[in-house]
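Quick note, this note's numbering runs 76 ahead of the 1-based positions in the sequence shown. Here the structure comes first, spelled out in structure tokens, and everything after it is commentary.
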Amino acid sequence: MTGPLVVYVGRFQPSHAGHLHTMHAALDRHGRLLVLLGSANLARSARNPFTPRERAGMIRAALRESGVPPGRVTLLPLPDEFDATRWAAHVRHLARAEAGNDPIHLTGFEKDASSSYLHWFPDWTLDPSPPVMVQESVLNATAVRRALLERGEVPAHLPPAVAAFLARFLGTRTLTRLRTEWTALEAERAGWDGTPRHERLDLHVTPEHVWLARRSGPVGAGLWTLPATPLSPEALPAGAAAFAHPARSLGVPTTAHAVLADAPPAGTRPVPLAHALVRPRQFFEDHHVILRRMLEAASGAPGAGSGSPT
């Protein structure tokens, strides 16, 4: 199929009637749609409760039951880079590979600062979609997650296929764990006094292994992590690589200061480096991204470092 390609970027955690409205509007105007599933490299969490495969399945089912031929829509995973330049380059690469020589349009709606990316592609045609309103409020996935994780409910204004998936999801041990995580994160935010938080992340790595700990407690339980130590603003380590993206932390905003450790940190175990690098969704928060950035910096790769966040 030729003609303009419409690109729609989102996390779709989960997809709701507003997302489906945007997809239908794009397909009414153009022949084909590329849906990029953001945060595809991050572990399942209260913020991102559904895997890329689960999200793609919900979207495909919702489109199918609304009469959209599957050949008109492509769904691809898009990792978070926490770096605007890297992220935009990845979006461009995926879109151009799908569009070939055809023109590219970008759709979506501006709900908050997270939608600023709509203006990062001036050579593409911006084809915005108005938000779907529910009782004078914009329909959003945050409210859907709150219903699921706080109240254990499947809310209204979901495509039937999505509602059916979520109803099945309610009975899983995964949801029970995520509800516990949600409660812990809400308590952390409620107790935060607004003071900027900092943490030190220690990375000990050899050509064959990286030393990792396992998360305990309700948030990120069982995930690989670089061992973290809380820091005061007056005791930040010199020469550390700072990672300060406002969305990198599941709880309150925290700047990570990553340093290379000469010896294995306490509480860590060696993991084959090649094994760890191909399993980003087994890491807590952005620790896999930080591991890659630190390895790039150590190798002198172009563009290494934390970069500008997104």
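Every residue gets a Cβ at the ideal spot worked out from N, C-alpha and C, and that includes glycine. Since we're looking at a predicted model, the values are computed, not measured.
By DSSP, does residue i sit in helix, in strand, or in coil?
i	result
A133	A small fix is needed here, since residue 133 is Gly in this sequence, not Ala. Helix at G133.
E174	helix
R324	coil
W287	strand
V82	strand
D278	strand
V230	coil
A316	coil
P340	coil
H166	helix
T127	coil
A297	coil
S382	Interpretation of S382 is limited by its pLDDT of 44, a score under 50 that renders its predicted location unreliable; the figure taken from the coordinates is listed afterwards. It is coil, neither helix nor strand.
P46	Outside the displayed span of the chain (77 to 386) sits residue 46, for which this structure offers no information.
V365	helix
Based on Cα-Cα distance, which residue from the options lies nearest to residue i?
i	options	result
L215	W300, F360, L96 and P356	L96
R276	W258, L302, W287 and S292	L302
A175	L154, A165 and L110	L110
H106	G114, I180 and H280	I180
A116	A122, A311 and T127	T127
A318	L113, L326, T331 and P153	T331
I366	D159, A223, H166 and Y193	D159
F197	R108, R140, R168 and R244	R168
R249	R120, G133 and G114	R120
L307	R291, R355, T271 and H351	T271
Classify residue i as buried or exposed, calling it buried when 16 or more other Cβ atoms lie within 10 Å of its own Cβ.
i	result
V85	buried
Q89	buried
A122	buried
R265	exposed
G94	buried
What is the residue span of the alpha helix (DSSP H) that residue i lies within?
i	result
F245	P236 to F245
V40	No information on residue 40 is available, as it lies outside the stretch 77 to 386 that the chain covers here.
Is the beta carbon of residue j closer than 8 angstroms to that of residue i?
i	j	result
V295	H92	no
D203	T183	yes
W287	F360	no
W258	E284	no
L279	L336	yes
G114	L154	yes
Where do the N-terminal and C-terminal ends of the beta strand (DSSP E) with residue i fall, by residue?
i	result
R108	R108 to L113
T150	V149 to P153
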